[in-house]
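Presented below is the structure to which this report refers.
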Amino acid sequence: MSDNEAKRCSIVVLSGDMDKLMGAFIISTTAAAMGMDTSMFFTFWGLQGLKKKTATGEGLFGRMLSLFLKDIDGVGPSKMNFGGIGRWMFKKMMGDKGVSSLPELRGTAIDLGVRLLPCQMSMDVMEVAQEDLIDEAEAAVGAASYVLEAQDADITLFV
Amino acid sequence: MNDFIPTKTLDARGLQCPMPVAKTSKEIKTIEIGDVLEVLATDPASMADIQAWSKSTGNELLKSEKSQGVFKFYIQRTK
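Line by line, the protein sequences are chains P and F.
Be aware that the first sequence starts at 931, since it is given in the numbering used here, and climbs by one per residue.
Be aware that the second sequence starts at 162, since it is given in the numbering used here, and climbs by one per residue.
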């Protein structure tokens, strides 16, 4: 960077689809690689981008929801999933063409210092606890933390 | 002939976006300021992307070339 203060990139990740998480992680990784202070806020379905492969939920609804909440390796594409066949097909096609998998992309993002922030309210609603998330996820925050971050950001995206 | 000698080579052949750029950004930090990193890539988008990366980070792209399907970049660490 030519400036003393690094530019900033902030991404809201609401979607939990494989393709949308890929887009979000590819851009966050690249922004960090290009010298930007980069953070990602994971809310609603996006929490799957941080979730471990564990059962979640306390009450009946929470445990039912848990059946549909995957980890980053288990999420399917937004179109053509066909009960998991699409996920398998896209993984194969991407692997054959040398495209990094979602877990690899997230690992690279972490290596490059991308901050991963889960949304507290989504976690409460969906009954996902901090210990259900990967260790690299920071403590859960609220909307004000995002807005503060976004106020000074040079790039903000909503995925 | 180049009037610089790379001190390190990053082989990013076979990797797709964003990995050539992501790995370049990590690798550049492992060489001394003033030294040159050679990056090999096969991703056709790397031609535009390494240029954009160097513009954004301020590291200097001394030379880029394509030979036999491989893109070669020579980047000098500036900071």
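Note that the Cβ used here is the ideal one computed from N, Cα and C, for glycine as well.
- Taking Cβ positions only, does residue 161(F) come closer than 7 Å to chain P? Any question about residue 161(F) goes unanswered here, given that chain F covers just 162 to 240.
- Item | Beta-carbon spacing of residue 941(P), residue 1035(P) below 7 Å | Taking 7 Å as the Cβ cut-off, residue 941(P) and residue 1035(P) do not qualify as a contacting pair.
- Closer than 7 Å to chain P by CB, residue 175(F): Yes, its Cβ sits closer than 7 Å to a Cβ of chain P.
- Message: In whole angstroms, give me the CA-to-CA distance for residue 931(P) and residue 1000(P).
- Response: Summary for residue 931(P): the model assigns pLDDT 43, below 50, so the residue's position carries little reliability, and this model does not support an answer.
- Task: For residue 187(F), go through chain P and note every residue whose CB falls closer than 9 Å to its CB, in chain order.
- Result: The contacting residues are 963, 1038, 1041 and 1042.
- For residue 948(P), which three-state DSSP category applies? Three-state DSSP puts residue 948(P) in a helix.
- Message: Going by DSSP in three states, residue 991(P) sits in which element: helix, strand or coil?
- Response: In the three-state DSSP reduction, residue 991(P) falls in the helix class (H, G or I).
- CB contact below 7 Å: residue 191(F) versus chain P: Put simply, the CB of residue 191(F) is far from chain P, with every gap to its CB atoms at 7 Å or more.
- Opening and closing residue of the alpha helix (DSSP H) in which residue 1079(P) lies: According to the DSSP assignment, residue 1079(P) belongs to the alpha helix (DSSP H) that extends over 1073-1081.
- Under a three-way DSSP split, which group does residue 983(P) fall into? If DSSP states are grouped into helix, strand and coil, residue 983(P) belongs with coil.
- Message: Between which residues of its own chain and residue 151(F) is the CB-CB distance below 6 Å, once the five residues before and five after are set aside?
- Response: Because residue 151(F) is not part of the residues shown, which for chain F are 162 to 240, the question remains open.
- Using three-state DSSP, classify residue 180(F) as helix, strand or coil. Under the three-state reduction of DSSP, residue 180(F) is assigned to helix.
- Item | Positions along the stretch 1010-1041 of chain P whose CB lies within less than 9 Å of some CB in chain F | From the stretch 1010-1041 of chain P, only 1024, 1027, 1028, 1029, 1030, 1034, 1035, 1038, 1039 and 1041 have a Cβ closer than 9 Å to chain F.
- Query: Span of the alpha helix (DSSP H) holding residue 1050(P)?
  - Reply: That run of the alpha helix (DSSP H) goes 1050-1056.
- Task: Have a look at residue 1039(P) and residue 164(F) and give me their C-alpha separation to the nearest angstrom.
- Result: Their Cα atoms are separated by approximately 35 Å.
- Task: Decide yes or no for the touch test of the stretch 979-991 of chain P against the stretch 1010-1027 of chain P: beta carbon pairs closer than 8 Å, at least 3 of them.
- Result: Judged by Cβ distances under 8 Å, the stretch 979-991 of chain P makes no contact with the stretch 1010-1027 of chain P, as fewer than three pairs qualify.
- Query: Within 10 angstroms of its Cβ, does residue 945(P) collect 16 or more other Cβ (buried), or is it exposed?
  - Reply: The residue is buried, with at least 16 neighbouring Cβ atoms inside 10 Å.
- Message: Given this structure, state the Cα-to-Cα distance separating residue 1082(P) from residue 228(F), to the nearest angstrom.
- Response: Within the model, the alpha-carbon separation for residue 1082(P) versus residue 228(F) is close to 43 Å.
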